[in-house]
Amino acid sequence: MVKFDKNYIINSLSDSSNLTMKDYEEIEKISKDFSYFLPSKLLMLLILKNNDVIEYYKKLNEFSIQFIDRKFLKKTIEDGRSNNEIKEVFEDIEIINSAEENSFLDWILKTKSIKNQDILDSENRWQELNLSNLKVSSRSLKKITKEDYMTETLAKVYVKQEKYKEAMKAYKILSLKYPEKISLFANQIKDLKKRLKNE
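Taking the working numbering, the leading residue of the sequence shown gets 56, the next gets one more, and so forth.
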């Protein structure tokens, strides 16, 4: 039985020549139990390659899909890696104790807090930037009058509310604003005058 631990993985990846098909069966069991544990799959590939097994290419196609860095996979299988490179990878990985569970409050306490002053400073910088790039048009400096927001829809609303005088004013303003529709607005004004006489 293979003692599958960190040292075994490092030693096996650095020198896979002494791995046998018996080791392959043990590693395959571990690989089935932990399907996302990629070093076990890599060891399986190395064993198959070293023993010239026909199944090697089939497994290589299956496993290459799961590896994120395929250049690493290719280099490891073809050239082999030095022991130092493998140790560097394992030193970067933190060992996580699965028995240790943190509550939500513990998790929040572990995260780095952002100071309110930093947030205010960043907001002030954005406001200064926006104000300096803002171009003020001459129209925005003028006082907005009732004529500026007059639309056909507003005129129709006045008609539905039976505010015929205001609707007539709206259509007169619209005829000045949109001279291409002057005949339409003139007809609307005539209809409104008839309605006023009928009341």
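By construction, the Cβ of each residue, glycine as well, lies at the ideal position given by its N, Cα and C atoms. Since the structure is predicted, the reported quantities are computational estimates derived from the model, not experimental observations.
What residue range is occupied by the uninterrupted alpha helix (DSSP H) comprising residue 91?
That residue, residue 91, is in no alpha helix (DSSP H); it is neither H nor E in DSSP.
Please classify residue 96 as buried or exposed, where buried requires at least 16 other C-beta atoms within 10 Å of its C-beta.
buried
Nearest residue (CA-CA) to residue 251, options 217, 236 and 234:
217
Please look up how many angstroms separate the CB atoms of residue 79 and residue 99, rounded, as I've assumed it's under 8 Å.
6 Å
Go ahead and pull the three-state DSSP assignment for residue 74.
coil
Would you mind listing the alpha helix (DSSP H) stretches within the stretch 196 to 228 that are 4+ residues and don't spill past its ends, in chain order?
207 to 215
Considering only residues of the same chain and omitting the five flanking positions on each side of residue 223, which have a CB-CB separation below 6 Å?
244 and 247
Below 8 Å on the Cβ atoms is my guess for residue 132 versus residue 164; work out the distance and round it to an integer in Å.
Incorrect: roughly 44 Å between the Cβ atoms, too far for contact.
In whole angstroms, give me the CA-to-CA distance for residue 255 and residue 161.
As shown, the chain starts at 56 and ends at 254. That puts residue 255 outside it, with no answer to give.
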